[in-house]
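**Q** Heads up: the sequence shown runs through residues 2 to 137, numbered per this note's numbering. Built from N, CA and C at the ideal position, the CB exists for glycine as well.
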Amino acid sequence: MTKVDKLRLCGWLLVVATALILASSIQLEVTGGCCNLFVWLHVILGCLFFVAILLHLYLHFNWKSWIGRLWKRTPMMRWLTISALLTLISGFIALFHWIGEHMHSPLGAVHGKIGFVFLAIVIWHTAKRIKFLVKR
Numbered sequence: 002m003t004k005v006d007k008l009r010l011c012g013w014l015l016v017v018a019t020a021l022i023l024a025s026s027i028q029l030e031v032t033g034g035c036c037n038l039f040v041w042l043h044v045i046l047g048c049l050f051f052v053a054i055l056l057h058l059y060l061h062f063n064w065k066s067w068i069g070r071l072w073k074r075t076p077m078m079r080w081l082t083i084s085a086l087l088t089l090i091s092g093f094i095a096l097f098h099w100i101g102e103h104m105h106s107p108l109g110a111v112h113g114k115i116g117f118v119f120l121a122i123v124i125w126h127t128a129k130r131i132k133f134l135v136k137r
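#1: Within 10 angstroms of its Cβ, does H43 collect 16 or more other Cβ (buried), or is it exposed?
#2: Going by C-alpha to C-alpha distance, which of W99, W80 and L87 sits closest to N37?
#3: Starting from H103, trace the alpha helix (DSSP H) in both directions and tell me its first and last residue.
#4: Can you tell me the Cα-Cα spacing of S1 and G113, whole angstroms?
#5: Answer with buried or exposed for T3, where buried requires no fewer than 16 other C-beta atoms within 10 angstroms of its C-beta.
#6: According to the Cβ coordinates, are A53 and L14 closer than 8 angstroms?
#7: Taking buried to mean at least 16 other C-beta atoms within 10 Å of its own C-beta, is H61 buried or exposed?
#8: Check each candidate in F39, R9 and F51 and name the one with the smallest Cα separation from G116.
#9: How many angstroms separate the CA atom of H105 from the CA atom of A18?
#10: Helix, strand or coil for G12? Go by DSSP, reduced to three states.
#11: Taking a contact to mean a Cβ-Cβ separation below 8 angstroms, would you say G47 touches G92 in this structure?
#12: Measuring only the C-alpha atoms, how far is R9 from L120?
#13: At 3 residues or longer, what runs of the beta strand (DSSP E) sit wholly inside the region 9-48?
#14: For I45, does the count of other Cβ atoms within 10 angstroms reach 16, so buried, or fall short, so exposed?
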């Protein structure tokens, strides 16, 4: 399998992961995170989503200072990088709070808003590259 084929496969994996994490996020927003099962499902999907993102970055840049490379690219890539890091950090903090108190916190709400911005940028990023994904 060539690098381009791997990138295309990873891209489709990310499309599916984006749809699943978006659906899970909306579900948590609607229910206020009151069901443990849905919260844990969201955490697992979020972890898998970020692992797929790391795989995507690895396929593009290997491990050669990819944060610096992302930062030097376009403004969209900067916003994507910033929002991804903020989503990840706020998600872990909100998770630890949720584990301790078993209730939705204001920080979880902030994480949700940052996450929705991140997903909007991800969708925009994907839409600009859709020709690559559907090309044979």
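**A** In short:
#1: So H43 counts as buried.
#2: W99
#3: Note, H103: premise wrong, no alpha helix (DSSP H); not H, not E.
#4: A question about residue 1 goes unanswered here, because the residues of the chain that appear run from 2 up to 137.
#5: exposed
#6: yes
#7: exposed
#8: F51
#9: The alpha-carbon of H105 is positioned some 23 angstroms away from that of A18.
#10: helix
#11: yes
#12: 19 angstroms
#13: Runs found: none.
#14: Result: exposed.
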